[in-house]
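Asks:
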Amino acid sequence: DTAVSQTPKYLVTQMGNDKSIKCEQNLGHDTMYWYKQDSKKFLKIMFSYNNKELIINETVPNRFSPKSPDKAHLNLHINSLELGDSAVYFCASTTSRNTGELFFGEGSRLTVL
Amino acid sequence: GQQVMQIPQYQHVQEGEDFTTYCNSSTTLSNIQWYKQRPGGHPVFLIQLVKSGEVKKQKRLTFQFGEAKKNSSLHITATQTTDVGTYFCAGGDYGGATNKLIFGTGTLLAVQP
Numbered sequence: 004d005t006a007v008s009q010t011p012k013y014l015v016t017q018m019g020n021d022k023s024i025k026c027e028q029n030l031g032h033d034t035m036y037w038y039k040q041d042s043k044k045f046l047k048i049m050f051s052y053n054n055k056e057l058i059i060n061e062t063v064p065n066r067f068s069p070k071s072p073d074k075a076h077l078n079l080h081i082n083s084l085e086l087g088d089s090a091v092y093f094c095a096s097t098t099s100r101n102t103g104e105l106f107f108g109e110g111s112r113l114t115v116l
Numbered sequence: 006g007q008q009v010m011q012i013p014q015y016q017h018v019q020e021g022e023d024f025t026t027y028c029n030s031s032t033t034l035s036n037i038q039w040y041k042q043r044p045g046g047h048p049v050f051l052i053q054l055v056k057s058g059e060v061k062k063q064k065r066l067t068f069q070f071g072e073a074k075k076n077s078s079l080h081i082t083a084t085q086t087t088d089v090g091t092y093f094c095a096g097g098d099y100g101g102a103t104n105k106l107i108f109g110t111g112t113l114l115a116v117q118p
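Heads up: the sequence lines are chains A and B, in that order. Going by the working numbering, the first residue of the first sequence is number 4, and it counts up by one from there. Going by the working numbering, the first residue of the second sequence is number 6, and it counts up by one from there.
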C-alpha cells in the first residue's frame with residue numbers, strides 16, 4: 004500500500020488548458036503539502052493544509068487552487084496552464100504542523116506544450 | 006525571505022571516496038532535516054537534528070547541526086554506488102504564524118564505480 008499516492012504520474016497538455024492533480028495519504032496525518040520541483044531540482048513549497056484548513060499559501064499565481072475535501076486528500080487544480088508550469092509536483096504529508104518528517108508522494112510530472 | 010543554500014551543487018567521486026555537502030541558512034532554524042532523492046524518485050527522509058551542535062550518525066552517514074543553528078553538514082564515508090542521488094537539507098522555520106520547511110538547493114552526488 005502506497006502511503007502517499009498521487010495521480011496522474013505523468014501529464015502532458017497544451018498551454019491554456021486546465022488540469023488537476025490528486026493526492027491521497029493513508030497515514031492518518033493531519034498536514035499535507037504541495038511542493039513544486041523545477042528542472043534545476045529546486046523544491047519550493049506552494050501550499051499546506053492542516054485538517055482541511057489552508058495554513059501556508061506561498062507566492063503562487065492564483066491560477067493554482069488547492070482543495071482539501073478531507074484531511075486525507077489534497078488536490079491541486081491549475082487553470083490556464085503556462086509553459087513555466089512544467090515541473091514535477093510533489094504532494095507530502097506529516098503528522099504535525101510543526102515540521103515533522105515529510106512523507107512524499109512519487110510526484111506528478113507535468114509537461115505543458 | 007529565508008533562503009537555504011547548499012554547496013556544492015554537484016559532486017562527482019570515485020567509489021570509496023568521502024563526500025560532504027554543506028547547508029547554510031540566512032536565518033536561525035528551529036531544526037534541520039535531510040532528505041535523499043534518487044534519480045527519477047521522490048525525496049525520502051533521512052534524519053532530523055534539533056539541538057545546537059548536535060551530531061548524529063547513520064552507518065556511513067554523519068550529520069551535524071551548527072552551534073548557531075544556521076548551518077548543517079552531511080558527510081558520507083567511503084561512498085558506494087547506492088549513494089547516488091540528490092541530497093537536500095530542509096530548515097524548519099517556526100517564525101510567524103505558519104511553520105514550514107524550506108528546502109535547500111540540493112547537492113547531486115555521482116559515484117563512479
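A virtual CB, placed ideally from N, CA and C, is assigned to each residue, including glycine.
Suppose contacts are defined by Cβ-Cβ distances below 8 Å. Is H80(B) in contact with T67(B) by that definition?
Replies: yes
Asks: What runs of the alpha helix (DSSP H), each 4 residues or longer, lie entirely inside the segment 13–73 of chain A?
Replies: none
Asks: Could you check whether the Cβ of G90(B) sits closer than 8 Å to any Cβ belonging to chain A?
Replies: no
Asks: Is there a C-beta anywhere in chain A that falls below 8 Å from the one on L66(B)?
Replies: no
Asks: Taking the beta carbon of L77(A) as the centre, do at least 16 other beta carbons fall within 10 Å, making it buried, or is it exposed?
Replies: Buried, by the Cβ-count rule.
Asks: Check T110(B) in the structure and name its three-state DSSP category.
Replies: coil
Asks: Report the option in T25(B), V9(B) and L51(B) whose CA atom is closest to the CA atom of T84(B).
Replies: T25(B)
Asks: What is the residue span of the beta strand (DSSP E) that L86(A) lies within?
Replies: Per DSSP, L86(A) belongs to no beta strand (DSSP E) and is neither H nor E.
Asks: Using the rule of at least 16 other Cβ atoms within 10 Å of the residue's Cβ for burial, across every protein chain shown, is M35(A) buried or exposed?
Replies: buried
Asks: Applying a beta-carbon distance threshold of less than 7 Å, which residues of chain A neighbour Q53(B)?
Replies: Going along chain A in sequence order, the residues near Q53(B) (Cβ under 7 Å) are E104.
Asks: Taking only beta-carbon atoms, is G21(B) less than 8 Å away from chain A?
Replies: no
Asks: Helix, strand or coil for A102(B), going by three-state DSSP, please let me know.
Replies: In this predicted model, A102(B) has a pLDDT of only 48, less than 50, meaning its place in the structure is not dependable enough to derive any value.
Asks: Buried or exposed, going by whether 16 or more other CB atoms sit within 10 Å of the CB of L57(A)?
Replies: By the 10 Å Cβ count, L57(A) comes out exposed.
Asks: Please work out which residues of its chain come closer than 8 Å, Cβ to Cβ, to S23(A), disregarding the five sequence neighbours upstream and downstream, and give them in chain order.
Replies: N78, L79, H80 and I81
Asks: According to DSSP, is T86(B) part of a helix, a strand, or is it coil?
Replies: helix
Asks: Check whether the Cβ of T26(B) lies closer than 8 Å to any Cβ atom in chain A.
Replies: No, T26(B) does not count as interfacial toward chain A.
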